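Here is the structure we will look at, set down as structure tokens.
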Amino acid sequence: MKELSLFLLTVALALTLYRLLRGPSLPDRVLGLEMVGFGFMGLALVYALLTRQVFFVDVATVLALVSFLATIAFARFIERSRE
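First residue of the sequence shown: 9, per the numbering used here; consecutive thereafter.
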């Protein structure tokens, strides 16, 4: 079941990368980047379950924090560019 989770997360990540590269506007690309961060975070957590290594939970936590900060930075950039 965990292997299926890894496979489905990989497929979702591939589709999200397509959206990131082909997004028609900057907000679409920012959303795609956010989803890529969540995809990698999910992969790290499932891999931590498979290998029973706590280190990957820390990696997922750092990814979540960086993704959150990047989203705030992009939102401010988009807001300033519209003015």
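For glycine and all other residues, C-beta sits at the position ideal for the given N, C-alpha and C.
These numbers were taken from a predicted model, which means no experiment stands behind them.
- Taking the C-beta atoms as reference points, A52 is found no nearer than 7 angstroms to V70.
- Setting aside the 5 residues that flank it on each side, P35 is surrounded in the same chain by I86, each with a C-beta closer than 8 angstroms to its C-beta; the list follows chain order.
- Here DSSP, grouped into helix, strand and coil, assigns G31 to coil.
- Between the region 25-40 and the region 72-87 there are three or more inter-stretch CB-CB distances shorter than 8 angstroms, so the stretches are counted as touching.
- Bounds of any alpha helix (DSSP H) do not take in R60, whose DSSP letter is neither H nor E.
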